[in-house]
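Asker: Structure incoming, see below.
There are 2 protein chains.
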Amino acid sequence: MKRRSRTPSGDAFAEFAISVLRLAGHLTSEGDRLAQPSGQTSARWQVLAAARHNAMSVADAARTLGLARQGVQRIADLLEAEGLIAYRDNPAHQRAKLMTLTERGKTVLDEITARQTVWADALGAETGEERVRQATTLIADVIAILKERGMRR
Amino acid sequence: MKRRSRTPSGDAFAEFAISVLRLAGHLTSEGDRLAQPSGQTSARWQVLAAARHNAMSVADAARTLGLARQGVQRIADLLEAEGLIAYRDNPAHQRAKLMTLTERGKTVLDEITARQTVWADALGAETGEERVRQATTLIADVIAILKERGMRR
DNA sequence: AGGATAATGACAATATGTTGTCAATATGAA
DNA sequence: TTCATATTGACAACATATTGTCATTATCCT
Numbered sequence: 001m002k003r004r005s006r007t008p009s010g011d012a013f014a015e016f017a018i019s020v021l022r023l024a025g026h027l028t029s030e031g032d033r034l035a036q037p038s039g040q041t042s043a044r045w046q047v048l049a050a051a052r053h054n055a056m057s058v059a060d061a062a063r064t065l066g067l068a069r070q071g072v073q074r075i076a077d078l079l080e081a082e083g084l085i086a087y088r089d090n091p092a093h094q095r096a097k098l099m100t101l102t103e104r105g106k107t108v109l110d111e112i113t114a115r116q117t118v119w120a121d122a123l124g125a126e127t128g129e130e131r132v133r134q135a136t137t138l139i140a141d142v143i144a145i146l147k148e149r150g151m152r153r
Numbered sequence: 001m002k003r004r005s006r007t008p009s010g011d012a013f014a015e016f017a018i019s020v021l022r023l024a025g026h027l028t029s030e031g032d033r034l035a036q037p038s039g040q041t042s043a044r045w046q047v048l049a050a051a052r053h054n055a056m057s058v059a060d061a062a063r064t065l066g067l068a069r070q071g072v073q074r075i076a077d078l079l080e081a082e083g084l085i086a087y088r089d090n091p092a093h094q095r096a097k098l099m100t101l102t103e104r105g106k107t108v109l110d111e112i113t114a115r116q117t118v119w120a121d122a123l124g125a126e127t128g129e130e131r132v133r134q135a136t137t138l139i140a141d142v143i144a145i146l147k148e149r150g151m152r153r
């Protein structure tokens, strides 16, 4: 039984998708490595960074990060228990408290950010700004298409 | 205290890394959606595809997929329990049995692959083969750099 | 051949992330 | 205002993935 094979561009896209998944694994490892000296992980770092960018609720952060709300909730509760973030009252919503960094949270995030700067500068220099920007644009396009298609389902 | 900010290319790379992580989330969801009608998931599909490509041990598959050996082992044992793969004796290694697809495994993988073909063709056509190939090349470069740097650590 | 070293699967602990359910709270439309 | 609908966090179950340890088996070097 003969099955339809992919078009050339479909083939290219399939390879692209596999590459993205593999790279994501490496990037998470790198993030863990950058966060580790401060006792953190990629996941916690992401939440800290979202909270610093501006005070937001857990649900907001989940949307920003493209993760499930409850996963972010779990991390945020851990960060709060460890004193890296605090839940501040939200004038606009009684239940959805706003995450804010504590002094310790800021210090920790600064440390990680400093390591990331060195890391990103080295990789950016080695790979070339223009290619990286073009790839980022493509990725944004793909995400937009998938979101759009997701809406229609 | 003034901290060093990222270079332009470092900044581009940092954005790129975030994009990749977000896209990976979407791609895993899409994979789950493609595999779901056949009762499978992204993770199981990846292992089935590796086993079909050629009979290999769990450790081989883990390297191919860029995942931890034990995670793949877990999935493979589930697939074996459900009769989608079988462990065949490895003439070259007593312990490292070779994963092979059963008839049912082949059928299931074919079903998923057929759905993926439609999916990848549509996305490839919409995004453009050339851009996709260039992005894939960049991703391969980044993975190579990270592996190389990882070796040196 | 023999011995150090690496690879492998079993087992277990833990981190990450999704999904589903529920009650409380917001929001928007009639 | 009021009522349907959506959002939110709590709670729980489960899938995915990494890390570490161990005994067994391969591999490599001398």
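Chains A and B, in that order, are what the protein sequence lines are. For the first sequence, position 55 matches number 55 in the numbering used here, and the numbering has no gaps at all. For the second sequence, position 83 matches number 83 in the numbering used here, and the numbering has no gaps at all. All C-beta atoms, glycine included, are put in the ideal place defined by N, C-alpha and C. The structure presented is a predicted model; accordingly, all values stated were derived computationally and were not measured.
Per DSSP, what are the beta-bridge partners of residue 86/A in this structure?
Answerer: The residue given as residue 86/A occupies position 86 in the first sequence. Residue 86/A is bridged to 100/A.
Asker: Could you spell out the range, first to last residue, of the alpha helix (DSSP H) harbouring residue 150/A?
Answerer: Position 150 of the first sequence, counted from the first residue, corresponds to residue 150/A. First-last of the alpha helix (DSSP H) with residue 150/A: 129-151.
Asker: Which ranges does the alpha helix (DSSP H) cover as unbroken runs of at least 4 residues, wholly within the region 41-76 of chain B, from first to last along the chain?
Answerer: With a minimum length of 4 residues, the continuous alpha helix (DSSP H) runs that stay inside the region 41-76 of chain B are 42-53, 58-65.
Asker: Is the separation between the beta-carbon of residue 102/B and that of residue 84/B shorter than 8 Å?
Answerer: Locating residue 102/B in the second sequence gives position 102, counting from the first residue. Locating residue 84/B in the second sequence gives position 84, counting from the first residue. Closer than 8 Å, so yes.
Asker: Does DSSP put residue 95/B in a helix, in a strand, or in coil?
Answerer: Start at 1 with the first residue of the second sequence, and residue 95/B comes out as number 95. It is a strand residue.
Asker: Three or more C-beta pairs closer than 8 Å, one from the region 105-117 of chain A and one from the region 140-150 of chain A: is that the case here?
Answerer: No, because fewer than three Cβ pairs between the region 105-117 of chain A and the region 140-150 of chain A fall closer than 8 Å, the two stretches do not touch.
Asker: Closer than 7 Å by C-beta to residue 120/B: which residues in its own chain qualify, once you throw out the five before and the five after it? Chain order, please.
Answerer: Taking the second sequence and counting its residues from 1, the one referred to as residue 120/B is at position 120. Excluding sequence neighbours, residue 120/B sits near nothing in its chain.
Asker: Flag this pair as yes or no: are the beta carbons of residue 12/A and residue 30/B separated by less than 8 Å?
Answerer: Within the first sequence, residue 12/A is the residue found at index 12, counting from 1. Within the second sequence, residue 30/B is the residue found at index 30, counting from 1. In this structure, residue 30/B does not lie closer than 8 Å to residue 12/A by Cβ.
Asker: Please report whether the beta-carbon of residue 76/B lies at a distance below 8 Å from any beta-carbon of chain A.
Answerer: Start at 1 with the first residue of the second sequence, and residue 76/B comes out as number 76. Output row for residue 76/B: interface = no.
Asker: Is the number of C-beta pairs between the region 71-84 of chain A and the region 44-61 of chain A that are closer than 8 Å three or more?
Answerer: These segments touch.
Asker: Report yes or no: do three or more beta-carbon pairs, one from the region 36-46 of chain B and one from the region 11-25 of chain B, lie closer than 8 Å?
Answerer: Not touching, per the Cβ criterion.
Asker: Considering just the uninterrupted stretch of the alpha helix (DSSP H) at residue 19/A, what are its terminal residues?
Answerer: Here residue 19/A refers to the residue found at position 19 of the first sequence. Run containing residue 19/A: 8-35, per the alpha helix (DSSP H) assignment.
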